[in-house]
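**Q**
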Amino acid sequence: MGALVLAEGATFEPPGVKDFNLPALIGSGYWGITKPMLMVVLSIVIIGAFFLLATRNLKTVPGKGQFLAEGIYNFGRNNIAREQIGSKDFQKFVPLIFTLFIFVLVNNIYGIIPVLQFPTMARIGFPIALSVLVVYPVYHYVGFKRHGFKGYLKKELAPPGVPGFVLPLFAIIEFAEKFFLNPITLAIRVFAAMFAGHLIIMVFTLGGSFLLTEASGGLKPVSAFAFIFAILMTFLEAFIQVLQAYIFATLTANYIGAALASEH
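Going by numbering that gives the first Met the number 0, 98 is the number at position 99 of the sequence shown; the sequence numbering is gapless.
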């Protein structure tokens, strides 16, 4: 993106990738602790504190906190885990699916919270860690455990009905997808959405501020349109943040369900 230069000589440098590489707040270099790292830890504290407080005094007729906590849990349990994994096997995976959903959701929502204003999932390391270190080993482990090593590989790479002449190519494609592409694309989905959405909001917010303070009188009113668009994009981004948390949890449950299934 090129810089915007006004007649008076002021230059607007649009935000870019560099603005997502935040400096360390504590320490420096490889071991430095950055704002996104602290926000991830904070999200764990927020989630834990909320559910502990909301469930400390359970009632038959729930209060607002209990009602919200139960609603989120039931959504993860019934609308994600049960639908994707199946009623026979889903219960043991509810804690994982529910935790992934609420964790990604909180870290996404950070992007529209004043002061914080940074979705931690816009740093590729966090979604990669969730996908590669958590989701990937879980769904392959349950597949190998249920079907055995040879049985699981045969189910995934050579299911019944595939013509023999295309089986080698089919097996290569399936192997690449199941063992390499799935965890990468799972991470990239949420990362790309959070990165792009936050970048767009930054462009219009900073661009509007630049026009308001630096532009000549004729261009200053244009800043109002930039601010309005930034506000509209914030509402859209809030929807996408929730949607991406749902997609991440749903795909995780779908992978587990597929690994457990008897047929491909």
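Glycine residues also receive a C-beta, built at the ideal position from the N, C-alpha and C atoms.
For the alpha helix (DSSP H) holding Ala80, just list the boundary residues, first then last.
**A** As a working note, residue 80 is residue 81 in the sequence shown. First-last for Ala80: undefined, no H or E at that position.
**Q** What's the gap between the Cα of Gly64 and the Cα of Leu52?
**A** Counting from one through the sequence shown, the residue named residue 64 turns up at place 65. Counting from one through the sequence shown, the residue named residue 52 turns up at place 53. In a straight line, the C-alpha of Gly64 is about 8 Å away from that of Leu52.
**Q** Assuming Ala252 contacts Ile84 under a Cβ cut-off of 8 Å, what Cβ separation, rounded to an integer in Å, is found between them?
**A** Here the question's residue 252 lines up with position 253 in the sequence shown. Here the question's residue 84 lines up with position 85 in the sequence shown. That belief holds up - the Cβ atoms of Ala252 and Ile84 are roughly 5 Å apart, short of 8 Å.
**Q** Helix, strand or coil for Leu24, going by three-state DSSP, please let me know.
**A** As a position in the sequence shown, residue 24 is number 25, starting the count at 1. In the structure shown, Leu24 sits in a strand (DSSP, three-state: E or B).
**Q** Looking at the secondary structure, which residues open and close the alpha helix (DSSP H) in which Gly64 lies?
**A** Counting from 1 along the sequence shown, the entry for residue 64 is found at position 65. Start and end: Lys63 to Asn73.
**Q** In the DSSP output, which residue or residues are listed as bridge partners for Thr33?
**A** Taking the sequence shown and counting its residues from 1, one reaches residue 33 at position 34. Per DSSP, Ala23.
**Q** Rounded to whole angstroms, how far is the Cβ of Phe11 from the Cβ of Phe209, which I believe are closer than 8 Å?
**A** As a working note, residue 11 is residue 12 in the sequence shown. As a working note, residue 209 is residue 210 in the sequence shown. Confirmed, Cβ separation roughly 4 Å.
**Q** Got a sec? Which residues, its chain only, sit under 8 Å from Met232 by beta carbon, not counting five neighbours each side?
**A** Here residue 232 refers to the residue found at position 233 of the sequence shown. Within the same chain, Met232 has close Cβ partners Gly196, Ile199, Ile200 and Phe203.
**Q** Give the single residue among Pro118, Phe125 and Phe178 whose Cα lies nearest to the Cα of Pro136.
**A** For the purposes of this step, residue 136 is taken as residue 137 along the sequence shown, with counting starting at 1. If we check each option's Cα against that of Pro136, Phe178 comes out closest.
**Q** Is Val134 helix, strand or coil when you go by DSSP?
**A** The residue you call residue 134 lines up with position 135 of the sequence shown. If DSSP states are grouped into helix, strand and coil, Val134 belongs with the helices.
**Q** Can you give me the C-alpha to C-alpha distance between Val16 and Phe50, rounded to a whole angstrom?
**A** For this step, residue 16 is matched to residue 17 along the sequence shown. For this step, residue 50 is matched to residue 51 along the sequence shown. Those two C-alpha atoms are separated by around 35 Å.
**Q** If I follow the unbroken alpha helix (DSSP H) through Val189, where does it start and stop?
**A** Residue mapping note: residue 189 aligns to position 190 of the sequence shown, counting from 1. From DSSP, the alpha helix (DSSP H) with Val189 extends over Asn181 to Glu213.
**Q** What does the Cβ neighbour count give for Pro35, buried or exposed, with the cut at 16 atoms within 10 Å?
**A** As a position in the sequence shown, residue 35 is number 36, starting the count at 1. Buried, since its Cβ has 16 or more Cβ neighbours within 10 Å.
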